[in-house]
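The structure appears right after this line, and notes come after that.
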Amino acid sequence: MLVTLLCPNLRCRRVLQVPDTTRGHRVRCGHCGQILTVPTKQQQKAKASKDPRTTQTPSA
Ligand SMILES: [Zn+2]
1 MLVTLLCPNL
11 RCRRVLQVPD
21 TTRGHRVRCG
31 HCGQILTVPT
41 KQQQKAKASK
51 DPRTTQTPSA
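Counting from 1, position 52 in the sequence shown corresponds to residue 52 in the working numbering; the numbering is continuous, with no gaps.
In structure tokens form, the structure reads like this:
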């Protein structure tokens, strides 16, 4: 299974696909050479739950 990432290099911004086994490890963008950390599933979940649109319900 592949993990889809976006290169954090603003001049690159390529979509990268890395193996699931690289979660929590650092990989290098094959296009610009930028080192990036592959987020774990838990990190991805935490990020998603921080989204105010999903966590905060308007108390009307
Ligand atoms: Zn890149």
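C-beta: ideal position from N, C-alpha, C; glycine also.
Going by the C-beta, is residue i closer than 7 Å to any heavy atom of ligand 1?
i	result
residue 31	yes
residue 34	yes
residue 26	no
residue 14	yes
Write down the C-beta distance between residue i and residue j rounded to the nearest angstrom, noting that I regard them as a contact closer than 8 Å.
i	j	result
residue 5	residue 36	7 Å
Using the C-alpha atoms, what's the distance from residue j back to residue i?
i	j	result
residue 21	residue 34	19 Å
residue 27	residue 59	43 Å
residue 44	residue 32	24 Å
Self-check item: Completely contained beta strand (DSSP E) runs for the segment 9 to 38, where each covers 3 or more residues
Solution: Taking 3 residues as the minimum length, the beta strand (DSSP E) runs contained wholly in the segment 9 to 38 are 15 to 19, 26 to 28, 35 to 37, in order along the chain.
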